[in-house]
Amino acid sequence: MYPAHFSSGLQKGDWTGYPDFGGCLYLAFEAYERNNCYGSLRVELPLLLKHVSTCVDCRIIRRAIEHVAPQLLDEGRRESCFLLITGGYEHENDWNDVLSVEIFGNETDDHRTKFQLLRRSTIEPLFEENYDYSGNRRNRFGQSLHVVEDSSSQAAFDRAAKWLAHCIENDKACEPPDDGFMPTHLINVGSASQSPFLFKTSGTRKPYACLSYCWGHDSDAILKTTTSNLENHYQEIPEPAMPEGIRDAIRVCRGLQIPFLWVDSLCLVQDDAKAWLEGAAQMSQIYLNSHLTIAALEPGTCQVPFLGPQRFGNRNWQQLVKSLSTDGEADPGPDLLIRFESDTLPRNTQCSLDKRAWCLQESMLPNRRLCFNGDEMTWECLCRQLCECGHTIRQPLTIRHVENGAALKLDRLKAAPILSPPRPHTFLMDYGSEYSATQGDIHEMRRTWRRLIERYSRRQMTRRDDKLRAISGLGQILAERFRYGGFTKDNDEYLAGLWKHEIHLDLSWTVTSLPAEPGNTIKEPDGEEPCWNVPTWSWASTPGHIHYESETTRTSWKYKPRATDTCQLVEAHCERENVHDEMSAVIQGRLVLRGALVPVGLFAELESTQASDESDDTDETSTTMERELDDRVALVRTRNQKTNSVLLDHPRHRAELREVASDESFAQGGEEFYCFRIFSWLAETRKIRDGKAVFMGPETWFLVLKRSQRVLGAMERIGIGSYDFTMHLEPCPIFEEFEEATISIV
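Right under this line is the structure:
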C-alpha cells in the first residue's frame, strides 16, 4: 500500500515520502484507489506533460496551469517542477471530491501555486449525475456552476427561474397540495411602473410566494400593516417605505414572474389580535401551499438588502476557463473553474435565519425554497438540493429540514418525493432508509417531533408568548399525519407542545442550558399580567435549551428497550388563546396523571447532604445526567433515606430551596416536594441466567414536583431525575415505598 500524506503546511525539503507516479494522472488515480490510498500524490510536471495527448486528466491539469502559472510551462522551468494533487479520487468517508493542485518549483525557485479545480456542469443550472447506484464515480472532477456575480441581476433571476421551471415540470411531489387554499391577504407585487398593494383574496387559486426572513432587533421601525393603515395599503404600499429585504423579495417575484407575495408583517394586521391569531392559525397552510418560499438566510435584519454581489461570484474567488481545442485535440475536456482561496468550500455554519425560532417551520413547511446568503443562491425542494458552487453535491449540508418536512407532510403531498440527480449513493441510501422508516413508524414520527423540539428550543425568540405559536404550523401538519395516516384508531391530541399518546415520553424533557446570548433575550408580552401561563409540565414553560436525554437509551443500549411502569393519563385540559385552533398557544393547562408518587426532601447543597446521609445505599444510586450544571443539580431523599440526584429546570428553584434541608419537611401533612415516576426503560437481552431471562435496566425517569401556590391541590414541575441500574432489575430505590396516586400538574 502506498503511504498517504497531506500537503497542508508543506515546506520545501518535506517532499520525500509522497507516492511518485511520475506520469499519467489517470493511471495514478486508478492505482491510488486500487491501493486504498487517500491523501496527496506527487506528479512530475515534465512527465505529466508527456501524457496530455492520451490522458484527459493530464490535459485538464495542463490547461489549468496555462491559466494560473503559464511561465512554469517554459522549457527552462518545467524540468524542476512537480505537483502535489489532493482529492479527485474516492474516499470511503468523504464526499470532498474537489481536486486541489499545489505546484512547486526547485530549491532556488520561490514559486508556489495552489488552487482547486472543478469542471463546469454541462447542463447548467443543474448538475450531472456523478455516481451510479453502485457508488462508482462517473467523472474524476467535482462539478460547479459559474456562480452569478450579483443575485439582483437578471442572470440570477434567469437561473432561479430555470430551477423553478425544472421542479414544476418534473416534481409532482413539490406541487402545492391544496389547490383551493389562498391566504386571506396577499401583496400584488406590481411592476416597475406600478406600486405594490395589499388585497383580499377571493378564494380563486393564484400562485404566490412567501418570504422567510429575520425582522431584526429594531422591529418597531419595520413597516407593518395595522388597523390605521390597512385601507391605505389596499391602495398602495410605497416601496420606499418598505424595509430593504422586503423590497428585494418584491424584485425576486417580479424577476420570476410570480405576481403575488405573502409577508407576515404586511399580510397580517399586526395590532388586531383576533385577526392576527386567525392568520397565525393558517401558517402551516400558507407556507405549505406556496408556489415558492424566498428565504433570506442572511443578513439578520430586513433593514439590509439580501440581494447584491455574491462572494462566490467574485473573480478573485473563482475563475472560468473556457474549453478550447488546441493542437488538434479531439477532446479538449470540459470548461474549468479554478478557485484560489485555500478555504473555498462553505462551512456548515448556522445562518442568521436558522437561529430564529419562527423560521424552523418556515424552512420545513414549504415544498420549494430559493435561498440567498450573500455567497451564492441555493435551491431546495423535496426532490433536490442545489447550490451554485456545487458544495451541496460533494459535502451535502444537512437537509434534515427537507427530510423531516417530507416525512411530516407525506399525507398532504400529491406524490412521494423522488430524489433527482446528482445523488451521492450513500447519501441516497441514508435518505431512503430514514424516509422509509418514517413513512410507516408512528413511534419514529413522535421521536421526530422530540428531535424538532430540541432544535427549536435552541433558536432565538423575541417574545415569550410566541414559544408555542412559532411551532404550531408543524404541530398542525403532524396532527394531520396522525389523523389521516392510519397510525392510530383515535386522533392524538396536542397538549402545549406534547402529544397525548406518548405523554410519558414527551414529559421527560431536560433543560440542558439557559440562554445567555443577547439575541435570546425574551420579552414578556404587553400588559401587567399577560395571558401567559404555560403549564410547568410543558417544555414551552422554560426559555432553556431542551434535550430528551431519555431518547438516547433507544440507541445506546445493545437491546431495544420498551417503556414500562408508565404513568396513566387520566385527564388533560388546555385552555387555548384561540379556541378554534387546537394548535393555538395555551393560556393555562392541567394534566391529571396516575402513577407512583413518593414525598421527598429536596436539598440544594449536595455536598453537605451527602455527608449527613446515614444510608449505606447511596452507592447504589446513579444518574444519566452527568453534566457540569452545579447551579441546578440537587438531591432528593425519601423517608427511608434513599437518595438520587436530580436536575432542576431553573436555578431559581435551587435558590428557593436552600432552607429546606432537614427532616422537618416530612412532618405529617407538611410534604411539599414529590417525585412522580413517568416510565422506566427495560430491555430483554435474550440471555438466560439461572433459568431466568436477563434484562437490561430498569432506567427510571421521574418528575420532581412541588405543591402549587397558584392552584389549590395541584402540583408544579420543578425538575427531572433518572436512575439506571443496568442488568440487575433493581427498581429505583426512591420508589421502594411509593403510593399509587392521582395528581394534578399545572
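With the sequence shown counted from 1, adding 677 to any position gets you the numbering used here. Note that the Cβ used here is the ideal one computed from N, Cα and C, for glycine as well.
Do residue j and residue i have their beta-carbon atoms positioned less than 9 Å apart in this structure?
i: P873; j: G880; result: no
i: P1212; j: G1266; result: yes
i: R1128; j: C1036; result: no
i: E1131; j: H1224; result: yes
i: P854; j: D925; result: no
i: F876; j: L863; result: yes
i: L933; j: F834; result: yes
i: G1174; j: W1216; result: yes
i: V946; j: T903; result: yes
i: W1214; j: L1380; result: yes
i: E1179; j: R1123; result: yes
i: E826; j: Q962; result: no
i: W1186; j: I1397; result: yes
i: E995; j: H823; result: In the sequence on display, residue 995 carries Gln and not Glu. Yes.
i: Q820; j: R797; result: yes
i: I1154; j: N1210; result: no
i: K1086; j: R1158; result: yes
i: L1268; j: L1172; result: yes
i: N1168; j: E955; result: no
i: P1044; j: P936; result: What sits at residue 1044 in the sequence shown is Asn, not Pro. Against a cut-off of 9 Å, the Cβ pair of P936 and N1044 comes out as no contact.
i: F818; j: L794; result: yes
i: G1051; j: G985; result: yes
My assumption, with CB atoms under 8 Å, is that residue i sits in contact with residue j. Please give the rounded CB distance.
i: L776; j: L725; result: Not a contact, Cβ separation roughly 14 Å.
i: L1013; j: I737; result: 7 Å
i: A958; j: S1261; result: 7 Å
i: I676; j: V1313; result: With the chain running from 678 to 1423 in the structure shown, residue 676 is simply not present.
i: L900; j: A918; result: 5 Å
i: L1030; j: G1082; result: 15 Å between Cβ atoms; not a contact.
i: V1275; j: E1416; result: 7 Å
i: C979; j: E921; result: 7 Å
i: R1061; j: S1097; result: 5 Å
i: R740; j: Q748; result: R740 to Q748, Cβ: 15 Å. No contact.
i: C1251; j: L1270; result: Their Cβ separation, rounded to whole angstroms, is 15 Å, which puts C1251 and L1270 out of contact at 8 Å.
i: K791; j: E779; result: 4 Å
May I ask you to list the residues that DSSP assigns as paired with residue i?
i: L761; result: R719, E779
i: I971; result: L888, L1047
i: Y1400; result: T1377
i: W1216; result: DSSP, once it has assigned bridges, lists no residue as partnering W1216.
i: E1248; result: V1269
i: T1419; result: R1271
i: V1263; result: R1253
i: N1168; result: Paired residue(s): none; N1168 is not in a bridge.
i: Q996; result: I1015
i: V1310; result: L1324
i: W939; result: C887
i: I1365; result: A1370
i: T790; result: I780
i: Y1236; result: Paired residue(s): none; Y1236 is not in a bridge.
i: Q1137; result: R1033
i: V1277; result: F1350
i: W1358; result: A1240, E1376
i: M1392; result: R1384, I1422
Quick check: is the beta carbon of residue i nearer than 9 Å to any beta carbon in chain C?
i: G1396; result: Annotation note: the requested chain C is absent from the structure, which comprises a single protein chain.
**Study point:** Whole beta strand (DSSP E) elements within the stretch 1039-1064, 3-residue minimum
**Key:** Segments of the beta strand (DSSP E) lying fully in the stretch 1039-1064: 1045-1049, 1054-1058, 1062-1064.
Point to revise | Meets three-Cβ-pair contact criterion under 8 Å: the stretch 840-848 and the stretch 882-890 | key: In this structure the stretch 840-848 does not lie against the stretch 882-890, because fewer than three pairs of beta carbons, one per stretch, are closer than 8 Å.
Review point. Can we say the stretch 959-976 touches the stretch 851-865, given the rule of at least three CB pairs closer than 8 Å?
Key: In short, these stretches touch, since the Cβ pair count reaches three.
Check your understanding: Are the stretch 793-804 and the stretch 1058-1067 touching by the rule of at least three beta carbon pairs closer than 8 Å?
Key -> Yes: at least three Cβ pairs fall under 8 Å.
Practice item. Report yes or no: do the stretch 1143-1163 and the stretch 1231-1240 share at least 3 C-beta pairs separated by less than 8 Å? Key: Taking 8 Å as the limit for Cβ pairs, the verdict is that the stretch 1231-1240 does not touch the stretch 1143-1163.
Exercise for review: Could you tell me whether the stretch 1317-1326 touches the stretch 1360-1368, where touching means 3 or more Cβ pairs closer than 8 Å?
Suggested key: No, the stretch 1317-1326 is not in contact with the stretch 1360-1368.
Practice item. Entirely within the stretch 820-877 and at least 4 residues each: give me those alpha helix (DSSP H) ranges in chain order. Key: Whole alpha helix (DSSP H) segments, 4+ residues: 831-847.
Review point. Any contact of the stretch 1347-1358 with the stretch 1408-1422, i.e. 3+ C-beta pairs under 8 Å?
Key: Touching, yes.
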